[in-house]
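Engineer:
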Amino acid sequence: MRATPDIRVQPEPFDAARECAAISAASNGIGALVTFTGLCRNEGGRLAALELQHYAGMAEAQMRRIADEACDRWPLDALAVIHRHGLIRPGEGIVLVIAAAAHRRAAFEAADFMMDYLKTSAPFWKREHLADGTLGGWVAANEADDDATARWQGAADR
Amino acid sequence: MRATPDIRVQPEPFDAARECAAISAASNGIGALVTFTGLCRNEGGRLAALELQHYAGMAEAQMRRIADEACDRWPLDALAVIHRHGLIRPGEGIVLVIAAAAHRRAAFEAADFMMDYLKTSAPFWKREHLADGTLGGWVAANEADDDATARWQGAADR
Amino acid sequence: MSRNVKFIYFAWVRERIGVQEERLDLPDDVRTGAEVITWLKGLGKNYALALDDAQAIRMAVNQEHIHPSDTIGTAREIALFPPMTGG
Amino acid sequence: MSRNVKFIYFAWVRERIGVQEERLDLPDDVRTGAEVITWLKGLGKNYALALDDAQAIRMAVNQEHIHPSDTIGTAREIALFPPMTGG
Chain A
1 MRATPDIRVQ
11 PEPFDAAREC
21 AAISAASNGI
31 GALVTFTGLC
41 RNEGGRLAAL
51 ELQHYAGMAE
61 AQMRRIADEA
71 CDRWPLDALA
81 VIHRHGLIRP
91 GEGIVLVIAA
101 AAHRRAAFEA
111 ADFMMDYLKT
121 SAPFWKREHL
131 ADGTLGGWVA
141 ANEADDDATA
151 RWQGAADR
Chain B
1 MRATPDIRVQ
11 PEPFDAAREC
21 AAISAASNGI
31 GALVTFTGLC
41 RNEGGRLAAL
51 ELQHYAGMAE
61 AQMRRIADEA
71 CDRWPLDALA
81 VIHRHGLIRP
91 GEGIVLVIAA
101 AAHRRAAFEA
111 ADFMMDYLKT
121 SAPFWKREHL
131 ADGTLGGWVA
141 ANEADDDATA
151 RWQGAADR
Chain C
1 MSRNVKFIYF
11 AWVRERIGVQ
21 EERLDLPDDV
31 RTGAEVITWL
41 KGLGKNYALA
51 LDDAQAIRMA
61 VNQEHIHPSD
71 TIGTAREIAL
81 FPPMTGG
Chain D
1 MSRNVKFIYF
11 AWVRERIGVQ
21 EERLDLPDDV
31 RTGAEVITWL
41 KGLGKNYALA
51 LDDAQAIRMA
61 VNQEHIHPSD
71 TIGTAREIAL
81 FPPMTGG
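This is the structure:
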């Protein structure tokens, strides 16, 4: 049976351990659990926080589209994706992806795929708040992220 | 600075959340944390437990060799690998890999690499204990695991 | 002939245009994403500045990504923003 | 001429040979992994049965993997086992 993704966009911190425990408890058929946590770096002390702006409504919808595609591509037992918005301090989590499957290949690839598409097609924008109290610039998109996303668009896809 | 892998072979359960927290707390430069947990499946109710036999001494040494190679290949902030031995019940963790890096590609690839090599070259053997109280057979190695490991042995390597 | 459409802006597009969202009467002969951008740029200097670098502008219509060459169809909500940097 | 070597067996290799580990005097003319296996198989039916399928046997010398064609060098400890199934 195809997994139904658990999608959340929230200002509150998430608890990766609690989410993993809930997923593990739901099935004894899971052999592989891959967790990706994207954390706010302090950029060598330069950064006080990241401000995450998002397009409410579309963010959830877009995350769900990507997650549904992952569930179609890989035999997953569970897929959870939580993305925070608002002000996030260094060391705090920004995004959490958990993919659970019978075997590790599906779990690794689904989590990796989720992150690549989240980076390039989920409507979130990061702005730096600097340690000296000033407002920094908007973070520029990374070309490497587009390249990473392109990995999943082979001729055989769709 | 090259990360020093944290390698453990133990009969006791591990706590992925505690290990992640320790790694996150050690550095505010981590942007990506990938956690892989290999769990004992119940195989549709057929399995009472997996017995993990290991070659003490060589298991740690081999895990360290693989982890050192991962730290040479990818710019990691931390790499932890914990493998259990003894009797492990369905739903319990068998192996935990945590890779931390500034960016997600290194963390994903290092964790994936670690698992592929653990599967094919770390001296552990699994035997099934069945739900009906009898002793099952030794689990056969999976050809797909050899193929997965071969992915890392491109012409450009070493 | 025109239809009333809700426009939403994000990140530095929002800052340069100077509003978070607004309702505008979009002429019926504006049919593609690229035409929407050209039309907006005619509304004022702030729009021209915000949307000057076409390569750096992304669009969504009714909360789905579109390419500049795509037609906007029955757009109720059009969003304009720089490349996304979530995750 | 021979040297005293510690042999360790794992999984079904251990069960078929019937011991977990043992010390054996390995003749000096046994130089490669493959020669070790051939020599062991001559020690008795249990060894022959355990090591019959050469494709399914893996070896480590002094706790490092070797190929059957590799020389065993100054082996203090030789381990024989089926393909590993950890992780």
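Residue numbers (UniProt numbering), protein chains in the order written: chain A, 1 to 158; chain B, 1 to 158; chain C, 1 to 87; chain D, 1 to 87.
Every residue, glycine too, gets a C-beta built ideally from N, C-alpha and C.
For glycine 38 (chain B), collect the residues of the same chain with a Cβ closer than 6 Å to its Cβ; drop the 5 residues on either side in sequence, then sort them by chain order.
Structural biologist: Ile94 and Val95.
Engineer: Using 8 Å as the Cβ pair cut-off and three pairs as the minimum, do the stretch 104-120 of chain B and the stretch 73-83 of chain B touch?
Structural biologist: yes
Engineer: Taking 8 Å as the threshold (beta carbon to beta carbon), is phenylalanine 10 (chain D) in contact with chain B?
Structural biologist: yes
Engineer: Which full runs of the beta strand (DSSP E) of 3+ residues lie inside the stretch 110-149 of chain B, going along the chain?
Structural biologist: 124-130 and 135-138
Engineer: Do you know offhand how far arginine 104 (chain A)'s Cα is from phenylalanine 36 (chain A)'s?
Structural biologist: When rounded, the distance between both Cα atoms is 14 Å.
Engineer: Within the same chain, show all residues whose beta-carbon is closer than 7 Å to that of glycine 91 (chain B), passing over the 5 residues directly before and after it, in chain order.
Structural biologist: Leu39 and Cys40
Engineer: Would you say alanine 141 (chain A) lies against chain C (beta-carbon separation less than 8 Å)?
Structural biologist: yes
Engineer: Find the nearest neighbour of aspartate 68 (chain A) within the set A:Leu118, A:Asp132, A:Gly136 and A:Gly29, judged by alpha-carbon distance.
Structural biologist: Cα-wise, what sits closest to aspartate 68 (chain A) is A:Leu118.
Engineer: For chain D, is any of its Cβ atoms less than 8 Å away from the one on valine 81 (chain B)?
Structural biologist: no
Engineer: Expressed to the nearest angstrom, what Euclidean distance is found between the alpha-carbon atoms of arginine 14 (chain D) and aspartate 145 (chain B)?
Structural biologist: 24 Å
Engineer: Measure the CB-CB distance between isoleucine 98 (chain A) and leucine 33 (chain A) and report whether it falls below 8 Å.
Structural biologist: yes
Engineer: Looking at C-alpha atoms only, which residue of B:Ala22, B:Gly44 and B:Gly29 is the closest neighbour of isoleucine 30 (chain A)?
Structural biologist: B:Gly44
Engineer: Quick check: the stretch 28-42 of chain C against the stretch 50-61 of chain C, are there 3 or more CB pairs under 8 Å?
Structural biologist: Contact between the stretch 28-42 of chain C and the stretch 50-61 of chain C is present, because at least three Cβ pairs lie under 8 Å.
Engineer: Output needed for alanine 11 (chain C): all residues of its chain with C-beta closer than 7 Å, excluding positions within five of it in sequence on either side, in chain order.
Structural biologist: Phe81 and Pro82
Engineer: Grouping DSSP H, G and I as helix and E and B as strand, with all else coil, what is arginine 69 (chain D)?
Structural biologist: Position check: residue 69 (chain D) holds serine in this sequence, whereas arginine was assumed. Reduced to three states, the DSSP call for serine 69 (chain D) is coil.
Engineer: Going by alpha carbons, who is nearest to alanine 25 (chain B) out of B:Leu135, B:Ala100, B:Arg151 and B:Pro13?
Structural biologist: Looking only at B:Leu135, B:Ala100, B:Arg151 and B:Pro13, the smallest Cα-Cα distance to alanine 25 (chain B) is reached by B:Ala100.
Engineer: Quick one, are the C-beta atoms of histidine 65 (chain D) and serine 121 (chain B) less than 8 Å apart?
Structural biologist: yes
Engineer: If you count every other CB in all the chains shown that lies within 10 Å of the CB of threonine 85 (chain D), and 16 or more means buried, which is it?
Structural biologist: Its Cβ being crowded by 16 or more others within 10 Å, threonine 85 (chain D) is buried.
Engineer: DSSP puts glutamate 64 (chain C) in a beta bridge; with which residues?
Structural biologist: C:Val61
Engineer: To the nearest angstrom, how far is the alpha carbon of threonine 32 (chain D) from that of arginine 89 (chain B)?
Structural biologist: Between the alpha carbons of threonine 32 (chain D) and arginine 89 (chain B) lies a gap of roughly 40 Å.
Engineer: Which residues of chain C have a Cβ atom closer than 8 Å to the Cβ of residue 161 (chain A), listed in chain order?
Structural biologist: Coverage of chain A is limited to positions 1 through 158, which leaves residue 161 (chain A) absent and any answer about it impossible.
Engineer: Between which two residues does the beta strand (DSSP E) containing glycine 38 (chain B) stretch?
Structural biologist: 32-39
Engineer: Aspartate 147 (chain B): buried (16+ other C-beta within 10 angstroms of its C-beta) or exposed?
Structural biologist: exposed
Engineer: Count the other CB atoms, across all protein chains shown, that sit within 10 Å of the CB of arginine 158 (chain B); report buried if there are 16 or more and exposed otherwise.
Structural biologist: Legend: pLDDT at arginine 158 (chain B) = 40, less than 50; position of this residue unreliable, value from coordinates given subsequently. Answer is exposed; the Cβ neighbour count stays below 16.
Engineer: Skipping 5 residues on each side, what residues in its chain have a beta carbon closer than 8 Å to that of glycine 86 (chain A)?
Structural biologist: Excluding its 5 nearest sequence neighbours in each direction, glycine 86 (chain A) has C-beta neighbours in its own chain below 8 Å: Pro11, Glu51 and Leu52, listed in chain order.
Engineer: Please decide whether glutamine 153 (chain A) counts as near chain C, where near means a Cβ-Cβ distance under 8 Å.
Structural biologist: no
Engineer: Using the three-state DSSP reduction, which class does threonine 38 (chain D) fall into: helix, strand or coil?
Structural biologist: helix
Engineer: With distances taken Cα to Cα, identify the nearest neighbour of proline 123 (chain B) among B:Arg46, B:Tyr55, B:Glu19 and B:Ala21.
Structural biologist: B:Tyr55
Engineer: For arginine 14 (chain C), does the three-state DSSP call read helix, strand or coil?
Structural biologist: helix
Engineer: For lysine 41 (chain C), tell me which candidate among C:Gln55, C:Ile17 and C:Asp29 has the shortest Cα-Cα distance.
Structural biologist: With distances taken between CA atoms, lysine 41 (chain C) lies nearest to C:Ile17 out of C:Gln55, C:Ile17 and C:Asp29.
Engineer: At a Cβ threshold of 8 Å, is histidine 67 (chain D) touching chain B?
Structural biologist: no
Engineer: Assuming arginine 46 (chain B) is part of the alpha helix (DSSP H), what are its boundary residues?
Structural biologist: Looking at the DSSP string, arginine 46 (chain B) is not in any alpha helix (DSSP H), and its letter there is neither H nor E.
Engineer: Using a threshold of 8 Å, state whether the C-beta atoms of valine 139 (chain B) and alanine 59 (chain B) are closer than that.
Structural biologist: Between valine 139 (chain B) and alanine 59 (chain B), the gap from beta carbon to beta carbon reaches 8 Å or more.
Engineer: Looking only at DSSP bridge pairs, what is glutamine 10 (chain B) linked to?
Structural biologist: B:Arg84
Engineer: Figure out for me which residue from D:Glu21, D:Asp25 and D:Gln20 has the closest Cα to the Cα of methionine 1 (chain D).
Structural biologist: Across the set D:Glu21, D:Asp25 and D:Gln20, the C-alpha of D:Asp25 shows the shortest separation from the C-alpha of methionine 1 (chain D).
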